[in-house]
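Asker:
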C-alpha cells in the first residue's frame with residue numbers, strides 16, 4: 003500500500019495491481035478456488051473502505067458542490083463494481099450510504 007499508513011485514494015492503483023496478481027496466481031493454479039475467493043473478498047473490503055472514507059466528509063461539502071462530488075464518487079463506485087473490484091454486497095452498502103447522503107442534503 004501507499005507509504006502513508008492510511009488506506010485511501012492513493013492505494014487504489016496498488017489494490018488494482020494486487021487484484022491482478024491474485025487473478026494471475028489463481029489462473030496459474032498456485033492458489034485454490036477457496037483461497038482465491040477469500041483474497042478476492044479481502045480486496046473488496048479494502049476497496050469498500052476506501053470508498054466509504056470518500057463518502058465520509060461529503061456532508062460538509064455537498065451544499066457547495068451542488069452534488070457534483072457525490073455524483074463523481076457514485077460513478078467511481080459503480081465503475082469499481084463493474085470491473086469486479088468490489089463485491090455486490092460492498093457495492094450495495096456503498097450505494098445505500100451515497101443515497102443517504104443525498105437524502106440528508
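Residue numbers (our numbering): 3 to 107.
Backbone N, C-alpha and C fix where the C-beta goes; we use that ideal spot for every residue, glycine too.
(1) Quick one: what's got a C-beta closer than 7 Å to residue 27's C-beta in the same chain, skipping five residues either side?
(2) Less than 9 Å between the beta carbons of residue 51 and residue 9, yes or no?
(3) On the DSSP letters alone, give me the boundaries of the alpha helix (DSSP H) that residue 22 sits inside.
Answerer: So, from the data block:
(1) As a first step, residue 27 is located in the chain shown; it is residue number 25 there, counting from the start. Correct list, in chain order: 33.
(2) Position 49 of the chain shown, counting from 1, holds the residue named residue 51. Position 7 of the chain shown, counting from 1, holds the residue named residue 9. Contact flag set, yes.
(3) Walking along the chain shown from the start, residue 22 turns up at place 20. Segment 14-29, the alpha helix (DSSP H) holding residue 22.
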